[in-house]
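In our numbering, the protein residues as written are 62 to 445. The beta-carbon is built from N, C-alpha and C at its ideal position, and this holds for glycine as well. Report on one structure; see the data block that follows.
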């Protein structure tokens, strides 16, 4: 069961600007230059500029701009410039979410942006730069080490959404996974999903690496190793007071979405169609993958748009597996943070996709959630 709360808490949205590629410029990366919070085109004009809370795009083809009209401006609570580390992003955005999960609230952190904008680098990280998953787990164990009046444990699960099918990334055998309502956890859950009890960051890193090997990847003409799926890494936290039988359980979903370049609802006229992202010679499997990515991202856009503009209307959560799993994070009982990743070094249509990401992010921060602490799981249902 969940404690009732009418308190509205909007989705916290931040923007992370990725630095230029370290492996040199290609045809996709035009030789733009950076100077004091501005990205300049080769002709010297300003393409992008930003401050702590505002990011602005100046379109060279927009005649209205040259006649003094306002450029496209977006305002957020946090804009992280390109030299910001993932640890700094986590301290501002992730640490409060982990604390909320530790206190018994369902929570979610998700990264949204086009391919090659830094989503996976932010969520999964590298050996030299830990991502949100590792930093969140480390933060969890720091909180747990300070507990003196409660018993606790942490479990992890790893899920892939591929072609509108759910895949358990911590299990070698294929099995049927379904989404069902769980009144105890206060949110939809994936039935039969493998959950592993963990006691160290090293264990979690090993499970994450194991799951990554089972993921589906493919190639398109946007990025050589573009992901063809969404992933959800779950941290399930249980705690119980030493003198009580009642168990408190909460879940933090950390979501790495596929590239948003297929979510064309927010793109301007003239943007290539879905077929523009299917490389020459790619087979029907790739076309199906692209269509399903597009379906789920369009469903996400529709849910966010409906919650932001028509919260009393029917919300189409069931249009995709992604939005069903994220139901509590979008207008539900979770505390949610979104990291919009943008790549200002990519020109042409990619500038329009960056604008699309920012427009989606502006809409997302208008969505109100109603966080509720999840309690009252009977002892025979829990591991403690």
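Asked, Found
"Do residue 252 and residue 57 come within 8 Å of each other at the CB atom, strictly closer than that value?", "With the chain covering only 62 through 445, there is no way to say anything about residue 57."
"In three-state DSSP terms, what is residue 423?", "helix"
"Assign residue 530 to buried or exposed, taking buried as 16 or more other Cβ atoms, counted over all protein chains shown, within 10 Å of its Cβ.", "With the chain represented from 62 up to 445, any question about residue 530 goes unanswered, as that position is not in the structure."
"Where do the N-terminal and C-terminal ends of the alpha helix (DSSP H) with residue 184 fall, by residue?", "180 to 184"
"So, are the CB atoms of residue 193 and residue 181 less than 8 Å apart?", "no"
"Could you give the first and the last residue of the continuous alpha helix (DSSP H) run that contains residue 194?", "193 to 206"
"Just the Cα atoms here: how many angstroms apart are residue 360 and residue 147?", "29 Å"
"Beta-carbon separation of residue 178 and residue 402 under 8 Å?", "yes"
"Looking at residue 139 and residue 232, is the spacing between their C-beta atoms short of 8 Å?", "no"
"If residue 173 and residue 418 are in contact, beta carbons under 8 Å, what's the gap, nearest whole angstrom?", "6 Å"
"Would you mind sorting residue 414 into buried or exposed? The rule is 16 or more other CB atoms within 10 Å of its CB.", "buried"
"For residue 356, which of 152, 203, 300 and 321 has the nearest alpha-carbon?", "321"
"What's the gap between the Cα of residue 77 and the Cα of residue 163?", "25 Å"
"Would you call the CB atoms of residue 262 and residue 195 closer than 8 Å?", "yes"
"Provide the residue span of the alpha helix (DSSP H) that contains residue 268, from first to last.", "262 to 274"
"Taking 8 Å as the cut-off, decide whether the C-beta atoms of residue 381 and residue 225 are in contact.", "yes"
"Measure from the C-beta of residue 198 to each C-beta in chain C and report whether the shortest distance is under 8 Å.", "No chain C is part of this structure, which consists of one protein chain only."
"Assess, as a yes-or-no matter, whether the segment 198 to 218 is touched by the segment 256 to 275 under the definition of 3 or more beta carbon pairs within less than 8 Å.", "yes"
"According to DSSP, what are the bridge partners of residue 61?", "Residue 61 lies beyond the residue range present for the chain, which begins at 62 and ends at 445; the question has no answer from this structure."
"Tell me the DSSP secondary structure of residue 175 in three-state form.", "coil"
"What does DSSP give as the partner residues of residue 73 in its beta bridges?", "398"
"Among 191, 97, 110 and 103, which one has its Cα closest to the Cα of residue 404?", "110"
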